[in-house]
Amino acid sequence: MKQLSLVLPIYNHADSLERIITKTKQVLKDAGIDYEIILVENGSTDNSYRVCQALTRKDRNIITFKTKPGYGRAIIAGLARARGSIVGYSEANGLIYPNVIPYLVWLIEDDHCDLAKGLRVQRETRYRAIQSRIYNFLVNLLFGLGLDDTNTCPKLFRRELIKTFKLESQRSVIDLEIPLKARALGLRIFEIPIPYLPRLSGKSLTSIKTVWQFVSEMLAWRVYKLSRWQRSMQKSSK
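Residues in the sequence shown are numbered from 0 upward in steps of one, following numbering that gives the first Met the number 0.
This is the structure:
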């Protein structure tokens with residue numbers, strides 16, 4: 000069994016993907032982590048899939064496949080193929096500093112927490128910083144998560160939690176769904192600050208439409224989705 004399965008949703012990252020994967024592999028090798036990287040291409044309009052295939056041909060620890068568009072859909076599909084004792088996902092746009100991943104693995108292996116994740120201390124723009132503060136305020140107001148940064152990756156946890164979480168979010172609200180369910184289960188969540196890095200590929204997909212979709216899905220989790228999942232958990236435990 001692999002020590003770590005890291006899922007990376009791929010959407011228009013052809014220009015920088017090889018650099019990002021090379022750096023991530025080096026960090027994991029230097030830390031002595033037995034890993035697999037799962038690249039899930041989900042609707043790119045550039046050369047991303049061919050780059051993914053080339054990376055897979057060079058390294059048997061890299062898995063590549065396609066799925067339909069959707070950030071959450073890509074993560075769920077990738078986790079379904081994960082073989083590591085610790086699993087999780089990050090981003091392939093260069094914003095996430097891969098050097099934090101070994102520390103997150105250690106936090107879980109040494110039983111300091113059940114869900115280890117990043118905490119971004121700086122944003123690309125002032126607008127994004129304000130947007131993040133408002134969003135995290137609303138999340139804590141609605142759900143009482145007590146997190147400083149709900150969405151930031153990497154997010155890592157033990158593989159057996161995949162079955163427990165029963166993830167369903169097809170879009171980016173999966174970043175809320177995972178800590179929300181972890182907190183509901185009484186699991187320990189640890190956030191580690193990560194430095195800001197400039198985006199190397201892709202672009203922010205945030206728009207009025209996506210903000211509205213996110214807010215509506217967030218409210219759906221508040222009104223009925225979380226309680227529905229909790230009822231299913233109660234039934235399965237009987």
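Where a beta carbon is used, it is the ideal one built from N, C-alpha and C, also for glycine. The model shown is predicted, which means the values in this text are computed figures rather than measured ones.
Buried or exposed, going by whether 16 or more other CB atoms sit within 10 Å of the CB of residue i?
| i | result |
| --- | --- |
| His111 | exposed |
| Leu140 | exposed |
| Gly201 | For Gly201, the predicted structure reports a pLDDT of 49, less than 50, and the residue's modelled location is therefore unreliable. A value from the coordinates is still provided. Result: buried. |
| Ser231 | exposed |
| Gly145 | exposed |
| Ser97 | One point to set straight first is that residue 97 is Pro, not Ser, in the sequence displayed. By the 10 Å Cβ count, Pro97 comes out buried. |
| Thr44 | exposed |
| Thr124 | exposed |
| Ile129 | exposed |
| Asp148 | buried |
Quick one: what does DSSP say residue i is sitting in, helix, strand or coil?
| i | result |
| --- | --- |
| Tyr134 | helix |
| Arg18 | helix |
| Ala219 | helix |
| Gly71 | helix |
| Ser43 | coil |
| Lys234 | helix |
| Gly201 | With a pLDDT of 49 at Gly201, under the threshold of 50, the modelled position of this residue cannot be trusted; read the value that follows with caution. Reduced to three states, the DSSP call for Gly201 is coil. |
| Val190 | According to the sequence provided, residue 190 is Glu. The question's Val does not apply to it. Strand at Glu190. |
| Pro8 | strand |
| Ala181 | helix |
| Ile173 | helix |
| Lys165 | coil |
| Gly77 | helix |
| Leu118 | strand |
| Arg59 | coil |
| Lys24 | helix |
Assuming residue i and residue j are in contact, meaning their beta carbons sit under 8 Å apart, how far apart are those beta carbons, in whole angstroms?
| i | j | result |
| --- | --- | --- |
| Val6 | Ile37 | 5 Å |
| Asp113 | Leu186 | 4 Å |
| Tyr48 | Glu40 | 4 Å |
Alpha carbons only, please: which of the options is nearest the one belonging to residue i?
| i | options | result |
| --- | --- | --- |
| Gly71 | Gly87, Ile62 and Leu103 | Gly87 |
| Val210 | Asn46, Thr44 and Ser131 | Ser131 |
| Cys51 | His12, Ile75 and Ile85 | His12 |
| Gly93 | Arg170, Trp220, Ile20 and Val172 | Ile20 |
| Pro101 | Gln2, Asn41, Glu167 and Asp148 | Gln2 |
| Phe142 | Val104, Leu218 and Ser168 | Leu218 |
| Gln169 | Leu54, Ala53 and Thr66 | Thr66 |
| Lys22 | Ala73, Ile161, Val104 and Ile95 | Ile95 |
| Ser4 | Glu17, Leu16 and Ile75 | Ile75 |
| Val99 | Lys234, Pro8 and Pro194 | Pro194 |
Given 8 Å, three or more beta-carbon pairs between the segment 47-58 and the segment 153-161: With the cut-off at 8 Å, the segment 47-58 and the segment 153-161 do not touch.
Stretch pair the segment 163-177 + the segment 207-227: three plus CB contacts closer than 8 Å: yes
Three CB pairs or more closer than 8 Å across the segment 142-152 and the segment 71-85: no
At least three beta-carbon pairs within less than 8 Å, the segment 186-194 to the segment 106-120: yes
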